[in-house]
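Chains as they are written, first to last, in my numbering: chain U, 1 to 300; chain W, 1 to 300; chain B, 1 to 300; chain C, 1 to 300. Note that beta-carbon positions come from the ideal geometry of N, C-alpha and C, so glycine has one too.
Here's what the structure looks like:
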């Protein structure tokens with residue numbers, strides 16, 4: 001977008017970048033099908049980039065789509081969308097804002113889904129009652145950008161999927177040794193430690209999968225399987241194994257970014273209390289925590 | 001405990017009550033059994049009441065069991081306890097402090113358990129890998145008090161069990177009508193609303209159950225069953241039905257306190273946007289929220 | 001209130017206690033005076049007790065004042081009240097519910113005020129611009145109960161005032177020694193430690209003060225003064241000194257409950273790194289924390 | 001860094017990027033000067049990029065500086081550093097890791113400072129007692145990168161400063177009108193609304209200022225002054241005015257990124273309750289919120 005400059009004598013400044021939007025739009029949709037009901041809840045965040053300079057530099061809001069209108073748009077479009085998956089709804093919203101307003105150059109939509117499981121009662125999934133899946137979230141991000149004179153349907157949109165807060169722990173099969181030793185090293189080699197983390201992943205596609213929900217379920221199960229079965233020599237290694245397995249299992253995933261904080265359980269020193277700690281008694285330390293990240297890409 | 005008075009001329013003041021302890025003691029215990037491992041995590045909170053006046057009024061700490069020593073005690077006792085359930089560990093701790101220190105009149109121990117499920121991999125529960133059950137917590141409270149010259153084993157201890165943050169929602173079978181209408185009433189009758197809540201329960205026993213874990217599982221399933229199947233005319237009514245069902249199902253439970261905040265999903269008004277809301281599009285409001293409580297007791 | 005009993009064969013249960021209300025009512029009031037504006041923000045929580053049994057036991061809501069109506073009432077009454085202090089508004093609300101609805105036996109109103117300071121610009125307090133005072137809150141609780149046939153004005157109401165989250169720290173003049181030493185004690189005597197806490201206080205009155213705001217300011221300054229100047233031999237002692245000073249300074253305060261968590265800063269052991277810690281380098285531990293409480297009452 | 005590829009038949013994957021470090025390192029430093037004591041608290045976050053591939057792809061940790069060692073390093077270096085400002089400490093740490101370990105290509109250090117004010121007692125600043133400044137934080141980020149064979153002192157380091165959570169509100173002098181109106185618009189023009197936000201800023205330097213603390217204090221006061229005095233026609237405009245004023249006042253600041261969420265206070269509709277809202281009674285809505293960002297750069 002063009003930059004607007006404010007001069008005050010020798011001192012001048014430019015609006016080098018701008019963006020604005022609405023965050024924290026809480027959407028619940030109930031779909032009332034025969035015999036059972038669907039219940040989807042999510043938080044939608046929208047950010048637009050484009051020709052909004054006048055509002056910043058002069059307070060002229062004639063270019064401004066009110067963030068309140070963005071909120072209304074989410075509810076209006078949700079009424080007509082099946083919301084089968086958050087990816088398609090994010091794409092719809094991103095395309096909408098770029099398609100509708102000629103001066104919007106890019107729309108970024110980020111959706112965080114609160115997950116619910118059907119209540120199991122008398123051994124059966126209940127038709128309309130749910131229990132929260134907790135802090136674990138499914139996320140999707142869509143970015144739509146204007147290039148030339150597209151119609152809304154042909155506006156290019158990029159979509160990513162992800163999961164957050166998948167908290168896992170294993171009580172054995174985790175080691176950490178052979179790291180750099182110098183004058184700042186006091187950590188001892190660990191032959192058998194607790195490994196606990198909160199997995200966060202974002203993945204990019206080379207082609208759209210036919211079923212985003214199936215892709216999500218596949219990736220999530222791979223995380224659990226690899227985490228459970230892998231003999232870990234480092235958080236880094238487990239992270240890479242997870243990424244590698246995802247790439248191998250889902251052809252449409254081109255790249256996956258993985259973040260795994262090391263949520264340390266430290267052995268409590270029982271010796272001053274006259275007892276031996278047989279690798280059984282630990283305490284959780286919230287801070288500090290190791291933070292390990294990596295991006296695994298398809299191909300060499 | 002005796003009150004100590006500080007006089008300063010006509011102005012005097014008394015230490016009318018005191019208590020102190022350690023909160024937020026994070027305990028992890030791994031039990032390494034043949035072929036599988038147990039993983040228990042909890043936060044222990046301890047408060048003692050007794051003859052601690054001198055520390056308050058003069059800074060003489062000769063009566064004070066350091067809160068750091070309370071922390072050490074938790075880890076030391078955990079090493080020898082099977083931690084099969086948090087209730088028995090809470091009782092052990094409460095009795096310990098009253099039994100060991102003659103000037104401690106009462107010990108209150110509150111434990112909040114972080115729940116973990118075994119990871120299901122290849123259709124089987126994994127032997128040593130776990131996934132977090134989220135925000136839902138199991139809790140226990142034990143209170144031990146000194147009456148005469150008991151030995152540690154005979155010190156009377158009261159125990160309660162509970163659950164927190166069991167978040168549930170249903171998309172139909174919830175109504176609310178016939179309430180008081182006056183000049184401050186704008187709420188309309190609801191014939192078919194979403195009902196979502198975060199159940200919190202504390203229950204008292206008339207006799208100790210043989211298996212606290214089984215009692216907990218039974219109560220939790222009753223909450224889910226009643227919530228799912230009950231046609232709710234008020235949050236109050238559902239709350240009472242849950243309590244009644246718990247009392248009916250578990251003979252050892254004498255009384256149950258239930259708290260159910262009404263986590264409102266409000267219908268979004270689509271009319272100004274030229275659309276009709278067919279009871280499908282809602283938004284969650286975190287605040288304000290209705291807060292409904294009740295205590296259901298066995299018998300008439 | 002009368003108990004209602006549910007019988008199902010030999011198993012029966014009773015609603016032993018009930019209460020409900022609205023929590024999290026966010027109220028902002030701007031008072032536009034000549035030349036300057038007042039800005040008050042608070043969260044109001046209401047709980048009613050009374051004859052609400054039918055809603056619990058049968059779903060008949062004819063006794064139920066909707067929590068939505070409670071919310072409306074807060075805004076309606078705020079329009080006509082000067083909101084000079086939260087205590088008088090809490091009393092007004094508590095009396096209102098008991099006075100208006102004959103079957104309401106008791107109303108509890110708890111208000112948490114978000115505090116704002118005027119922005120100082122060019123050395124002067126600005127007329128209508130404010131900066132948040134952070135997490136520190138002022139609180140008030142009013143309880144109104146029905147006894148016989150009062151008019152609304154004569155309904156008895158009890159009020160308490162308080163402060164929360166007044167976070168303070170001192171880098172010296174804090175010791176802790178002479179405490180109980182036994183096999184669970186590893187803590188060393190501290191001759192010069194950091195003392196940090198988040199003060200919470202609730203005080204009761206024997207007579208209503210003429211100016212609640214002045215009383216609040218006085219109590220808050222006493223906390224700061226005593227905390228700063230007192231040579232602390234125990235958190236307990238500082239807590240008592242604060243309570244004693246409050247009782248001595250404000251004749252209308254009959255009793256004050258003080259809670260002071262010990263937010264530990266522990267010395268980092270630099271010795272393995274070849275350095276000496278000259279009582280300068282510490283780390284904050286969020287959990288566990290000592291939790292010290294006491295109630296100081298006027299008189300002997 | 002070089003990429004390592006894992007082949008499994010036709011399926012191969014590459015570690016495209018990696019980084020790891022320690023987050024949440026809580027540091028407190030007390031400096032005991034004559035007559036008064038300095039008290040600094042901060043949370044340090046470290047991320048390293050470099051040749052760590054073997055740990056990811058094979059579990060060989062010989063390249064890995066343990067995150068525990070990073071933590072130790074923070075405390076060791078803090079012992080010898082005056083910690084006058086967080087910027088110089090962030091630079092020291094960032095240079096240290098790149099300088100000490102040849103395979104570390106880049107070190108990113110982010111520090112969040114918890115702010116404390118001296119307690120004012122008897123009209124004077126106390127020598128060693130402090131009260132928390134609340135949620136407002138001062139932040140600094142340093143990035144050091146290896147280019148050729150520098151010594152530690154000559155390693156290039158970039159530093160940014162910032163502030164977070166400076167929460168401000170004004171009760172008048174805020175309008176919002178003239179925005180886009182279409183079928184998704186229901187918001188009315190506002191001639192006199194409450195404007196509340198939590199300012200977040202990050203600024204870059206063209207030259208290092210002689211005194212980071214003075215620069216911080218200047219920027220913070222400008223935010224307060226402009227926010228208080230500016231007649232706002234849009235959050236965007238106020239944001240730009242703040243940035244412009246910062247650029248004009250501090251020659252060393254080249255660019256400033258500003259984020260201002262619009263923390264909406266909405267007028268409560270009193271009409272159904274038979275009352276008029278004279279622009280006095282509002283309620284705070286946490287979600288959704290407008291989120292306005294902009295980057296203001298020196299020059300045209």
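Pull up the DSSP beta-bridge partners for residue i, would you.
{"i": "residue 158(C)", "result": "143(C)"}
{"i": "residue 90(C)", "result": "Paired residues: none, contrary to the question."}
{"i": "residue 163(C)", "result": "138(C) and 201(C)"}
{"i": "residue 175(B)", "result": "Note: residue 175(B) sits in no beta bridge, so no partner."}
{"i": "residue 32(U)", "result": "37(U)"}
{"i": "residue 18(B)", "result": "294(W)"}
CB-CB under 6 angstroms to residue i, same chain, minus the five flanking residues each way: which ones, in chain order?
{"i": "residue 40(C)", "result": "29 and 83"}
{"i": "residue 213(C)", "result": "85"}
{"i": "residue 170(U)", "result": "195"}
{"i": "residue 209(C)", "result": "215 and 252"}
{"i": "residue 110(W)", "result": "45 and 141"}
{"i": "residue 105(C)", "result": "49, 50 and 146"}
{"i": "residue 273(C)", "result": "none"}
{"i": "residue 284(U)", "result": "265"}
{"i": "residue 98(C)", "result": "104, 107, 144, 146 and 155"}
{"i": "residue 203(C)", "result": "161, 253 and 256"}
{"i": "residue 114(C)", "result": "41"}
Spatial neighbours of residue i within its chain, please: CB distance less than 8 angstroms, with the 5 preceding and 5 following residues excluded, ordered by chain position.
{"i": "residue 245(C)", "result": "222, 225 and 226"}
{"i": "residue 381(U)", "result": "The shown model of chain U, from 1 to 300, leaves out residue 381(U), and the question about it has no answer."}
{"i": "residue 323(B)", "result": "Examination of residue 323(B) is not possible in this model, given that chain B is present from 1 through 300 alone."}
{"i": "residue 281(B)", "result": "267, 268 and 270"}
{"i": "residue 279(C)", "result": "192 and 267"}
{"i": "residue 18(W)", "result": "1, 49, 52, 53 and 56"}
Going along the chain, which residues of its own chain have a beta-carbon closer than 7 angstroms to the beta-carbon of residue i, five neighbours each way excluded?
{"i": "residue 304(C)", "result": "Here chain C covers residues 1 to 300 and nothing more, so residue 304(C) does not appear."}
{"i": "residue 125(C)", "result": "118"}
{"i": "residue 10(W)", "result": "Low per-residue confidence applies at residue 10(W): pLDDT is 48, beneath 50, and the placement is therefore not dependable, though the value from the model is reported in the following sentence. Cβ within range, chain order: n/a, list empty."}
- Task: Output, in sequence order along the chain, the residues in the segment 108-138 of chain W whose CB is closer than 8 angstroms to any CB in chain U.
- Result: 116, 119, 120, 121, 122, 126, 128, 129, 130, 131, 132, 133, 134, 135 and 136
- Taking three-plus beta-carbon pairs below 8 angstroms as touching, is the segment 175-189 of chain B in contact with the segment 249-257 of chain B? no
- At least three beta-carbon pairs within less than 8 angstroms, the segment 154-174 of chain U to the segment 70-77 of chain C: no
- Those runs of the alpha helix (DSSP H) which lie wholly inside the segment 38-67 of chain W and span at least 4 residues: 53-58
- Message: Which runs of the beta strand (DSSP E) at least 3 residues long sit entirely within the segment 224-295 of chain B? Give them in chain order.
- Response: 253-262, 265-267 and 281-284
- Query: Of all the residues that make up the segment 259-293 of chain C, which are near chain W by a beta-carbon distance shorter than 8 angstroms?
  - Reply: 272, 273, 274, 286 and 287
- Item | Cβ pair count under 8 angstroms reaching 3, the segment 129-143 of chain U against the segment 163-174 of chain U | yes
- Near-chain B residues of the segment 213-236 of chain C (beta-carbon distance less than 7 angstroms), N- to C-terminal order: 224, 225, 227, 228 and 229
- Task: Please list the segments of the alpha helix (DSSP H) lying wholly inside the segment 84-134 of chain U, counting only runs of 4 or more residues, in order along the chain.
- Result: 86-100
- Got a sec: which bits of the segment 65-78 of chain W sit with their beta carbon under 7 angstroms from any beta carbon on chain B, in order along the chain? 65, 66, 67, 68, 69, 71, 72, 73 and 76
- What are the residues of the segment 170-190 of chain B that lie near chain C, defined by any Cβ-Cβ distance shorter than 9 angstroms? 170, 171, 172 and 173
- Along the segment 14-44 of chain C, what residues have a CB closer than 7 angstroms to any CB found in chain U? 14, 15, 16, 17, 18, 19, 20, 21, 22, 23, 24, 25 and 26
- Item | Residues in the segment 242-255 of chain U having any Cβ partner in chain W nearer than 8 angstroms | none
- Message: Which residues of the segment 92-105 of chain B have a Cβ closer than 9 angstroms to any Cβ of chain W? Give them in chain order.
- Response: 100 and 101
- Task: Return the residues of the segment 47-62 of chain C that lie within a Cβ-Cβ distance of less than 8 angstroms from chain U, sorted by chain order.
- Result: 47, 52, 55, 56, 57, 58, 59, 60, 61 and 62
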